[in-house]
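Engineer:
Number of protein chains: 4
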Amino acid sequence: MIDVQEKLQSTVHELHGPHPADPKVIKRLKNIEGQVRGILRMVEEEKYCVEIMNQISAARAALHSVGMVILKRHVETCVADAIEAGGTERTHIIDELMHVLSKNEK
Amino acid sequence: MIDVQEKLQSTVHELHGPHPADPKVIKRLKNIEGQVRGILRMVEEEKYCVEIMNQISAARAALHSVGMVILKRHVETCVADAIEAGGTERTHIIDELMHVLSKNEK
Amino acid sequence: MIDVQEKLQSTVHELHGPHPADPKVIKRLKNIEGQVRGILRMVEEEKYCVEIMNQISAARAALHSVGMVILKRHVETCVADAIEAGGTERTHIIDELMHVLSKNEK
Amino acid sequence: MIDVQEKLQSTVHELHGPHPADPKVIKRLKNIEGQVRGILRMVEEEKYCVEIMNQISAARAALHSVGMVILKRHVETCVADAIEAGGTERTHIIDELMHVLSKNEK
Numbered sequence: 115m116i117d118v119q120e121k122l123q124s125t126v127h128e129l130h131g132p133h134p135a136d137p138k139v140i141k142r143l144k145n146i147e148g149q150v151r152g153i154l155r156m157v158e159e160e161k162y163c164v165e166i167m168n169q170i171s172a173a174r175a176a177l178h179s180v181g182m183v184i185l186k187r188h189v190e191t192c193v194a195d196a197i198e199a200g201g202t203e204r205t206h207i208i209d210e211l212m213h214v215l216s217k218n219e220k
Numbered sequence: 115m116i117d118v119q120e121k122l123q124s125t126v127h128e129l130h131g132p133h134p135a136d137p138k139v140i141k142r143l144k145n146i147e148g149q150v151r152g153i154l155r156m157v158e159e160e161k162y163c164v165e166i167m168n169q170i171s172a173a174r175a176a177l178h179s180v181g182m183v184i185l186k187r188h189v190e191t192c193v194a195d196a197i198e199a200g201g202t203e204r205t206h207i208i209d210e211l212m213h214v215l216s217k218n219e220k
Numbered sequence: 115m116i117d118v119q120e121k122l123q124s125t126v127h128e129l130h131g132p133h134p135a136d137p138k139v140i141k142r143l144k145n146i147e148g149q150v151r152g153i154l155r156m157v158e159e160e161k162y163c164v165e166i167m168n169q170i171s172a173a174r175a176a177l178h179s180v181g182m183v184i185l186k187r188h189v190e191t192c193v194a195d196a197i198e199a200g201g202t203e204r205t206h207i208i209d210e211l212m213h214v215l216s217k218n219e220k
Numbered sequence: 115m116i117d118v119q120e121k122l123q124s125t126v127h128e129l130h131g132p133h134p135a136d137p138k139v140i141k142r143l144k145n146i147e148g149q150v151r152g153i154l155r156m157v158e159e160e161k162y163c164v165e166i167m168n169q170i171s172a173a174r175a176a177l178h179s180v181g182m183v184i185l186k187r188h189v190e191t192c193v194a195d196a197i198e199a200g201g202t203e204r205t206h207i208i209d210e211l212m213h214v215l216s217k218n219e220k
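Chains as they are written, first to last, in the numbering used here: chain E, 115 to 220; chain B, 115 to 220; chain P, 115 to 220; chain L, 115 to 220.
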């Protein structure tokens with residue numbers, strides 16, 4: 115399963131080429147890294163659990179939001195290209211997308 | 115709204131005292147910090163978006179799981195104590211819990 | 115596992131007695147039943163998939179919201195009583211609550 | 115906003131034509147309708163709240179799962195066609211998809 119997955123991923127990646135790293139995504143991820151470090155500090159400093167849980171929710175929401183940015187670009191480029199390529203490329207990229215989406219929602 | 119919230123939190127905190135920091139929670143949060151740094155590197159190295167999205171889902175799931183550990187202890191200690199204290203303590207802690215849970219699920 | 119679960123549930127139920135059915139919850143559930151029937155009709159009438167998906171999201175949100183009402187009352191009554199009873203009642207009801215919450219969020 | 119949305123939807127719908135109703139989706143939705151009716155009965159019969167919450171989670175999961183079937187077909191047909199059509203069709207359908215996905219996950 116993993117092999118098929120990896121093979122597919124590399125094929126798709128070859129087809130489209132990598133996306134140049136989005137500076138906004140990088141900036142947001144740096145913020146999230148800081149948020150997680152902040153949560154760690156809150157736990158070490160024995161802050162009130164509800165405050166910690168609220169920060170965890172915020173970090174999860176921020177990660178989700180970055181994921182949506184990456185997902186959008188994925189659909190606009192990789193998925194769109196594979197759909198235009200047709201055939202197994204098209205089937206595979208849609209299966210892969212559905213798989214990502216089903217994980218994403220948990 | 116924030117003032118009421120903060121006032122409640124400090125009251126509850128005084129009532130129960132802080133929880134000693136759980137070493138397992140700290141360890142897990144350090145791992146999550148590493149995961150986020152890994153995601154950052156994947157973006158910089160222009161990895162395939164699906165791999166990045168999978169790592170984002172994994173980091174979110176890990177955060178959620180730490181949140182559940184903290185939530186459980188919160189219920190066992192702060193919520194349980196406030197319920198036993200009764201009165202407004204009890205009403206407030208349950209309102210606060212419902213508020214946290216409604217955020218948590220997004 | 116199921117036996118333990120069921121035994122616990124019946125014990126808890128005996129302890130607290132059933133909650134009288136909340137008319138607002140019943141009204142909301144009737145609305146949700148209507149929403150689901152509406153979705154069914156949209157599928158049969160071959161409506162645009164995005165409209166159908168939006169209605170599915172709305173029905174899921176409505177179910178979630180009813181679940182939160184029931185959860186709140188559960189915490190206020192069953193959980194509170196079991197916490198005051200202490201001992202295994204307390205441990206069990208919290209384990210059960212965490213189990214419900216972990217399912218609820220998917 | 116709604117007008118734009120509706121206009122887009124009707125355009126897309128005209129482009130692709132409706133999908134013939136999927137008998138499996140209809141069957142599943144009938145089951146979900148039955149599940150919701152079952153939850154209603156459980157509330158009326160004053161069943162244990164945890165059992166009711168579990169059934170609510172199950173109904174939400176079933177709705178989500180039907181939503182994923184509809185989403186997959188939407189991507190395979192409407193989204194794929196609009197991507198091949200290009201231009202504003204392509205931009206619009208992707209925006210709409212992202213909008214649906216962001217709602218779907220709550």
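Heads up, the beta-carbon is just placed ideally off N, CA and C, and yes, glycines get one too.
In this text, all values refer to a predicted model and were calculated from it rather than measured experimentally.
Of all the residues that make up the region 145-173 of chain P, which are near chain L by a beta-carbon distance shorter than 9 Å?
Structural biologist: Those residues of the region 145-173 of chain P that come within reach of chain L (Cβ to Cβ, closer than 9 Å) are Ile146, Glu147, Gln149, Val150, Arg151, Ile153, Leu154, Val157, Glu158, Glu159, Glu160, Lys161, Tyr162, Cys163, Val164, Glu165, Ile166, Met167, Asn168, Ile170, Ser171, Ala172 and Ala173.
Engineer: Can you tell me whether DSSP reads Ala135 (chain L) as helix, strand or coil?
Structural biologist: Ala135 (chain L): coil per DSSP, three-state reduction.
Engineer: Leaving out five residues on either side along the sequence, give the residues of the same chain with a beta carbon under 8 Å from the beta carbon of Ile166 (chain P).
Structural biologist: Ile153, Met156 and Val157
Engineer: Once DSSP output is grouped into helix, strand and coil, what is the label at Gly152 (chain B)?
Structural biologist: DSSP places Gly152 (chain B) in helix when its eight states are reduced to three.
Engineer: Strictly below 8 Å CB to CB, what residues from chain E border Glu198 (chain L)?
Structural biologist: The contacting residues are Ile197 and Glu198.
Engineer: For the alpha helix (DSSP H) holding Thr202 (chain B), just list the boundary residues, first then last.
Structural biologist: Gly201 to Asn218
Engineer: Step through the CB atoms of chain E and report whether any lies within less than 8 Å of the CB of Val214 (chain B).
Structural biologist: yes
Engineer: Can a CB atom of chain L be found closer than 8 Å to the CB of Gly181 (chain P)?
Structural biologist: yes
Engineer: Given that a residue counts as buried once 16 or more other Cβ atoms are within 10 Å of its Cβ, and exposed if not, what is Asp117 (chain B)?
Structural biologist: Caution is warranted here: a pLDDT of 49 is assigned to Asp117 (chain B), below 50, making its placement in the model unreliable, and the coordinate value is therefore given only provisionally. So Asp117 (chain B) counts as exposed.
Engineer: Where Lys138 (chain E) and Asn145 (chain E) are concerned, what is the direct C-alpha to C-alpha distance, given to the nearest angstrom?
Structural biologist: 11 Å
Engineer: Closer than 8 Å by beta-carbon distance: list the chain B residues that pair up with Lys138 (chain E), in chain order.
Structural biologist: Those within 8 Å of Lys138 (chain E) in chain B number zero; the least Cβ separation is about 10 Å.
Engineer: Decide if the region 198-214 of chain P is in contact with the region 186-197 of chain B; the criterion is three or more beta carbon pairs, one per stretch, under 8 Å apart.
Structural biologist: yes
Engineer: Nearest chain P C-beta to His133 (chain B) closer than 8 Å, yes or no?
Structural biologist: no
Engineer: If you draw a straight line from the alpha carbon of Gln169 (chain L) to that of Glu159 (chain B), how long is it in whole angstroms?
Structural biologist: 45 Å
Engineer: Whose Cβ in chain B lies nearer than 7 Å to the Cβ of Glu203 (chain P)?
Structural biologist: Within chain B, no residue comes near Glu203 (chain P); the closest Cβ sits about 12 Å away, beyond 7 Å.
Engineer: Does Glu210 (chain B) have its Cβ less than 8 Å from a Cβ in chain E?
Structural biologist: Yes, contact with chain E.
Engineer: Tell me the DSSP secondary structure of Gln161 (chain B) in three-state form.
Structural biologist: Before going on, a small fix: residue 161 (chain B) reads as Lys here, not Gln. Three-state DSSP puts Lys161 (chain B) in coil, outside helix and strand.
Engineer: Counting only C-beta atoms, is Ile116 (chain B) closer than 8 Å to chain E at any point?
Structural biologist: Note that Ile116 (chain B) scores a pLDDT of 47, beneath 50, so its modelled location is shaky; the value from the coordinates is reported in the next line. No, Ile116 (chain B) does not count as interfacial toward chain E.
Engineer: Using CA atoms only, rank isn't needed, just tell me which of E:Lys161, E:Lys186, E:Ala173 and E:Lys217 is closest to Met182 (chain L).
Structural biologist: Answer by Cα proximity: E:Lys217.
Engineer: Met115 (chain E) to Ala172 (chain P), Cα distance in whole Å?
Structural biologist: For Met115 (chain E), the predicted structure reports a pLDDT of 42, less than 50, and the residue's modelled location is therefore unreliable. A value from the coordinates is still provided. Their Cα atoms are separated by approximately 35 Å.
Engineer: Report buried or exposed for His188 (chain P), applying the criterion of at least 16 other Cβ atoms within 10 angstroms of its Cβ.
Structural biologist: buried
Engineer: If you draw a straight line from the C-alpha of Asp136 (chain B) to the C-alpha of Pro134 (chain E), how long is it?
Structural biologist: Near 40 Å, if we compare the C-alpha coordinates of Pro134 (chain E) and Asp136 (chain B).
Engineer: What three-state label does DSSP hand Ile116 (chain P) in the structure shown?
Structural biologist: Note on Ile116 (chain P): pLDDT 46, under 50, position unreliable in the model; the coordinate value appears next. In this structure, Ile116 (chain P) counts as helix in the three-state DSSP scheme.
Engineer: Going by CA-CA distance only, name the one from E:Glu190, E:Gly148 and E:Val214 that's closest to Leu143 (chain B).
Structural biologist: E:Gly148
Engineer: Do Glu203 (chain E) and Glu198 (chain L) have their CB atoms nearer than 8 Å?
Structural biologist: No, Cβ-Cβ distance for Glu203 (chain E) and Glu198 (chain L) is not below 8 Å.
Engineer: Given that His188 (chain E) touches chain B, what residues does it touch there, using C-beta distances under 8 Å?
Structural biologist: Cys163, Val164 and Met167
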